[in-house]
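In mature numbering (1 follows the signal peptide of the UniProt record, and there is no 0), the protein residues as written are -29 to -1, 1 to 148. Just so it is clear, CB atoms sit at the ideal spot from N, CA and C, and this is done for glycine as well. Since the model is a prediction, treat every value here as computed from it, not as a measurement. Please read the structure below before turning to the comments.
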């Protein structure tokens, strides 16, 4: 389940992060992007997201310890530690809430604003990491994403709700499945 209401925060930057040995996706028959070993970030941007949430998510995504170390110990290394790739895909449907049986997308940032926000997110990721290892999809395009999930590991990250206190380190807004 990928609904922001899952944690009770009505407006949050939402990201699903999965570990992959391989991800690719064609758009209109053309291969847009692909990565080898790394993480795939499906990014849902809400109406209320700001630069603060963007920076929080970049730090979380790059530093989340989801890979094993050299001795095989799980949950020890981040994507940066391993020098793996990051593939980002904008997915506004992560901001949906259900109205009966119909998805209601009113919490998602409008496309015109979201594209700039998404590009800012990519720019921050590339500044904080190795730009050549950060790949992205085509914003707003219908894509067929071919995912080979490793584990499978899928982790849902949410930025803190606007005005929420974040001084408690145990308040990390992460759910794994």
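Less than 8 Å between the CB atoms is what I'm expecting for residue i and residue j, so what's the real figure, rounded?
i          : j          : result
residue 65 : residue 13 : 6 Å
residue 96 : residue 59 : 7 Å
Measure the Cβ-Cβ separation of residue i and residue j and say whether it is below 8 Å.
i           : j           : result
residue 100 : residue 61  : no
residue 80  : residue 128 : no
residue 37  : residue 118 : no
residue 57  : residue 10  : yes
residue 85  : residue 16  : yes
residue 47  : residue 40  : yes
residue 156 : residue 130 : In the structure as shown, the chain starts at -29 and stops at 148, and residue 156 therefore has no counterpart that could be examined.
residue 114 : residue 122 : no
residue 6   : residue 98  : no
What residues match up with residue i in a beta bridge as DSSP calls it?
i          : result
residue 74 : 69
residue 42 : In the DSSP output, where bridge partners are listed per residue, residue 42 has none listed.
residue 35 : According to DSSP, residue 35 bridges with nothing at all.
residue 79 : 17
Determine the extent of the beta strand (DSSP E) in which residue i is found, giving its start and end residues.
i           : result
residue 107 : 105 to 107
residue 57  : 56 to 61
residue 125 : 125 to 129
What are the start and end residues of the alpha helix (DSSP H) that includes residue i?
i          : result
residue 52 : 50 to 53
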